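Every position in the sequence shown, counted from 1, becomes a number in our numbering once 15 is added.
Every residue, glycine too, gets a C-beta built ideally from N, C-alpha and C.
This structure is a prediction, so every number in the text was calculated from the model and none was measured.
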Amino acid sequence: MSDIVTDLGFDSKSLWQPKGFDPHPFPERTWPLLKELNLKRLTEVEGEDLTPIQEMIKQPMAEGTFRNFCNEKIEKLALMWLLISKSIAGGSWVGWPNDGYDFPALIIAWEESKKRLHIIIDVMPIVDCVEYEWYREKYLDGIEPVYNEYKDLIGPNSTYRWFRAMQGPYHIFDSPNEKRERALQCEIEYIKYWVDVVKKAEPVADAAYREYAIRRKRILMTQLRQRDPLGSVLMRTLGPELGKKSVVGYT
């Protein structure tokens, strides 16, 4: 029997009945693109058992589930789909390369309520694109036509300077309330691009550069784990045990 995951195992709209709005089916619209990577289920990270968050979670302040994946090139790829405080549909995909690869991280966030939509869309470099300009040319510049097509979605950036410092040159961040379908299509295009980059990625040959890329990737992951405000939301709504597992699963 194959270990490759072919189905998410849930229907996003059957998880809850939000009051006053019908959220976009973020998981169903994005998963078909990512399953092309022949992903396997990831059940443990750093000794932390992830299977409890891969069940259907029902807490007073949050309902939903997580999915965690990996393959020979991807260290971790995490899907979140939660109803928070019975009013906000929170979805995300976060993916990181294995230590033998240097392709950018995938950062996709979808936070939708009746009144607002907030998105984060990025293929985030794991090395310095000024010092290694070839990295930008190789891994990032290919998304520029999509970025230019959807740059009307760009608005005020994050208020967190640490997060602004790690963003890629084609980062999109805003609350495009009146452009929800367009915003989701932009996320889909970025995911398509990342999937293609991963498929084409080759192992890093230069040992010194490889160690540098690993070190910088770990710094990015650690900063997200320690500083991302989503982490505190998950700890508060899911409780300390499930909250920790969910954060470890995507950082």
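- CA-CA distance, P38 to M95, rounds to 14 Å.
- Boundaries around T252 are those of the alpha helix (DSSP H), P244 to L253, since no beta strand (DSSP E) includes it.
- Exclusion of the five residues before and after K232 leaves I141 as the residues of its chain whose Cβ lies within less than 6 Å of its Cβ.
- In the three-state reduction of the DSSP assignment, C144 falls in the coil class.
- Secondary structure at E63: strand, using DSSP grouped into helix, strand and coil.
- For E126 and V60, the gap between their C-alpha atoms comes out near 25 Å.
- The closest CA to that of N163, considering only P255, A124 and Y185, is found on Y185.
- Under DSSP, the beta-bridge partners assigned to A77 are Q74 and I99.
- By the C-beta criterion, the stretch 41-55 is judged to be in contact with the stretch 79-94, since at least 3 inter-stretch pairs fall below 8 Å.
- The stretch 61-80 and the stretch 91-108 touch, with three or more beta-carbon pairs separated by less than 8 Å.
- When secondary structure is reduced to three states using DSSP, I136 falls in the strand class.
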